[in-house]
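Chemist:
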Amino acid sequence: MATGNDSTARNPILGTSVRTKDELVQFVKKVNPAFKEEIAAAFLSIGAKYGVRGDVAFVQSIHETNWFRFGGDVKAEQNNFAGLGATGGVAGNSFPTITAGVTAQIQHLYAYATSGSLPAGETVIDTRFGLVTRGSAKNWEDLAGTWAVPGYDKTKYSSLTAAMQAGDSYGQNIIKLYATIPAAIAPVATGPIVVLDAGHGGTDSGAQGFGIVEKDRALSIALKVRDRLLSKYVVQVKMTRDTDIFIPLKERAEMANNWKADYFVSLHHNASGGRGFESYVYNGTRAQESGKKQDVVHAAIMAYLSTVGVNDRGKKEANFAVIRETKMPAILIENLFVDQADDAALLNNAAVVDKLCDAIALGIGQALQLAAVPVVTTPAEPEVPTTSVPDVTSEYPTGTPQWRIDAVEWLYTQGLLTDKSWKMKLNDPLPLWAEATMLKRMYEKLSTK
1 MATGNDSTAR NPILGTSVRT KDELVQFVKK VNPAFKEEIA AAFLSIGAKY GVRGDVAFVQ
61 SIHETNWFRF GGDVKAEQNN FAGLGATGGV AGNSFPTITA GVTAQIQHLY AYATSGSLPA
121 GETVIDTRFG LVTRGSAKNW EDLAGTWAVP GYDKTKYSSL TAAMQAGDSY GQNIIKLYAT
181 IPAAIAPVAT GPIVVLDAGH GGTDSGAQGF GIVEKDRALS IALKVRDRLL SKYVVQVKMT
241 RDTDIFIPLK ERAEMANNWK ADYFVSLHHN ASGGRGFESY VYNGTRAQES GKKQDVVHAA
301 IMAYLSTVGV NDRGKKEANF AVIRETKMPA ILIENLFVDQ ADDAALLNNA AVVDKLCDAI
361 ALGIGQALQL AAVPVVTTPA EPEVPTTSVP DVTSEYPTGT PQWRIDAVEW LYTQGLLTDK
421 SWKMKLNDPL PLWAEATMLK RMYEKLSTK
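Under the working numbering, the sequence shown is numbered contiguously, ending at residue 449.
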């Protein structure tokens with residue numbers, strides 16, 4: 001969904017909701033803990049019935065009702081979540097239930113978005129449905145000046161056009177509020193911050209050989225290492241890049257510094273005259289924290305690579321910009337030579353690369369002494385004692401369909417029949433006295449309730 005910050009963006013009212021009920025509830029309850037969760041469920045289910053973005057309509061109601069706290073002319077007990085009919089101090093429409101109120105709002109949006117008839121079986125609840133010029137506002141941004149009049153702050157803007165250009169109209173503000181949901185409901189990050197720096201990128205391809213392009217392979221490995229770290233450890237992982245873009249070396253270091261990272265790991269591949277794995281820290285830091293962590297990371301990686309015949313080229317120092325300009329312990333690792341046949345064969349082996357990523361993540365976890373992600377165990381469901389159901393098939397004529405047996409057995413379990421001899425007379429008519437007895441027993445059962 002395009003954000004309201006883009007004055008040219010248009011987001012259709014019709015469509016399928018993206019956000020779940022739990023996400024919408026979590027979003028509102030951060031502001032209004034007393035929010036009724038069934039309201040969110042109603043917006044999604046009724047929106048789906050009409051083909052309207054129920055999740056965005058829900059955010060429209062947040063905008064209209066001050067996070068469902070109301071406080072204006074419209075009161076909570078009216079079940080009017082969008083100020084329908086509320087103008088100039090008039091309280092507006094009231095609806096008997098949450099479902100009715102949400103339906104009226106969805107219908108009002110439906111009227112603006114399309115000239116089509118209501119879904120089959122639906123009747124008009126929105127008392128203002130017939131006042132809408134059908135299909136006149138197909139996008140949320142179009143509601144300014146139609147649903148909401150004037151649809152902008154006249155103390156700030158000279159016209160609706162000016163407000164739209166500033167991205168500050170009624171519909172645009174709804175979309176902007178909707179766009180804040182992911183950040184608002186994101187779990188609070190905990191743990192040390194590790195920055196993964198995939199070398200090169202964009203116009204800078206790095207080394208190449210045997211079908212391997214360094215910028216692409218480094219990024220692929222960095223993303224896999226990120227996923228492994230997040231799944232195994234209590235840690236925050238930042239990426240200097242997670243797509244194929246060029247970022248200057250100085251900016252990469254500045255990003256890590258601004259994030260106040262605890263460790264910086266730059267991932268590269270080697271080329272030009274060699275074979276094997278090597279790692280680097282900045283000149284003069286081998287005896288410092290960078291060097292101590294290098295020992296751990298290097299050892300973890302080589303513990304695996306040695307099993308597939310990779311040479312250990314050693315733990316080294318260098319004046320590389322990204323490990324020089326970072327203010328935290330930092331390491332640059334060169335994961336094999338892309339232009340050497342044996343090394344390239346390993347890098348082109350998916351199983352080897354996966355295990356290499358495991359080893360890199362393990363080394364980082366050990367170097368930072370990261371806590372493991374707690375294992376959440378689901379309590380075993382208590383065993384429900386089973387009761388044996390007697391096989392009564394033999395009490396009926398051979399070949400009796402099961403549905404007949406079930407129907408007659410119900411009469412016995414209810415106490416309406418007691419003489420088991422009737423089981424062998426399924427096709428015989430009951431005598432009048434037997435029918436009368438059953439009716440008497442049924443009457444007695446009903447009279448005691």
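No residue lacks a Cβ here, since even glycine has one placed at the ideal position from N, Cα and C. Computed from a predicted structure; not experimentally measured.
Using only alpha-carbon positions, find the residue among Leu439, Gln414 and Arg404 that is nearest to Lys425.
Modeler: Residue Arg404 is the option with its Cα nearest to Lys425.
Chemist: At a threshold of 7 Å, does Ser158 count as lining the ligand NAD (C-beta to nearest heavy atom)?
Modeler: Here there are no bound small molecules, and the ligand NAD is not part of this structure.
Chemist: Taking the C-alpha atoms as reference points, what is the distance between Val59 and Gly85?
Modeler: Near 19 Å, if we compare the C-alpha coordinates of Gly85 and Val59.
Chemist: Since His108 is in the alpha helix (DSSP H), which residue starts that stretch and which ends it?
Modeler: Element bounds for His108: Ile98 to Ala113.
Chemist: Kindly provide the ranges of any alpha helix (DSSP H) runs that are 4 or more residues long and lie completely inside the region 269-327, ordered along the chain.
Modeler: Listed in chain order, the complete alpha helix (DSSP H) runs (minimum 4 residues) inside the region 269-327 are 289-305 and 321-325.
Chemist: Closer than 8 Å by C-beta to Lys21: which residues in its own chain qualify, once you throw out the five before and the five after it? Chain order, please.
Modeler: If we look at Lys21 and ignore the five residues flanking it on each side, its Cβ neighbours are Glu37, Ala40, Ala41 and Leu44.
Chemist: Based on DSSP bridge pairs, tell me the residues matched to Asp197.
Modeler: Answer by DSSP bridge pairing, in chain order: Ser266.
Chemist: Checking the sheet assignment: what are the DSSP bridge partners for Gln369?
Modeler: Bridge partners of Gln369: none, in fact.
Chemist: Could you check the C-alpha separation between Gly309 and His298 for me, to the nearest Å?
Modeler: Straight-line Cα distance between these residues: approximately 16 Å.
Chemist: Assuming Ala450 and Leu229 form a contact by the criterion Cβ under 8 Å, report the distance between their Cβ atoms to the nearest whole angstrom.
Modeler: Only positions 1 to 449 of the chain appear in this structure, which leaves residue 450 out of reach.
Chemist: If you draw a straight line from the alpha carbon of Ser279 to that of Leu370, how long is it in whole angstroms?
Modeler: Each residue's Cα considered, the two are about 21 Å apart.
Chemist: Below 8 Å on the Cβ atoms is my guess for Ala120 versus Gly135; work out the distance and round it to an integer in Å.
Modeler: Going by Cβ atoms, the distance from Ala120 to Gly135 rounds to 20 Å, so no, they are not a contact pair.
Chemist: Are there 16 or more other CB atoms within 10 angstroms of the CB of Gly130, so buried, or fewer, so exposed?
Modeler: So Gly130 counts as exposed.
Chemist: So, are the CB atoms of Pro192 and Val235 less than 8 Å apart?
Modeler: Yes.
Chemist: Are the CB atoms of Gly47 and Ala57 within a distance shorter than 8 Å?
Modeler: Yes, they are a contact pair.
Chemist: Please report the Cβ distance between Val74 and Ala100, rounded to the nearest whole angstrom; I am assuming they are in contact, meaning their Cβ atoms lie under 8 Å.
Modeler: Not quite, the Cβ-Cβ distance comes to about 15 Å (not below 8 Å), so this is no contact.
Chemist: Between which two residues does the alpha helix (DSSP H) harbouring Leu411 extend?
Modeler: Leu411 -> alpha helix (DSSP H) spans Gln402 to Thr413.
Chemist: Within 10 angstroms of its Cβ, does Arg10 collect 16 or more other Cβ (buried), or is it exposed?
Modeler: Exposed: under 16 other Cβ atoms inside 10 Å.
Chemist: Are Gln105 and Phe81 close, meaning C-beta to C-beta below 8 Å?
Modeler: Yes, the Cβ-Cβ distance between Gln105 and Phe81 is below 8 Å.
Chemist: Taking Val213 and Arg226 to be in contact with their CB atoms under 8 Å, please state how far apart those CB atoms are, rounded to whole angstroms.
Modeler: About 20 Å; that fails the 8 Å criterion.
Chemist: Tell me which residue opens and which closes the beta strand (DSSP E) that Ile333 is part of.
Modeler: Its beta strand (DSSP E) spans residues Ala330 to Phe337.
Chemist: Can you tell me whether Val18 is helix, strand or coil according to DSSP?
Modeler: In this structure, Val18 counts as coil in the three-state DSSP scheme.
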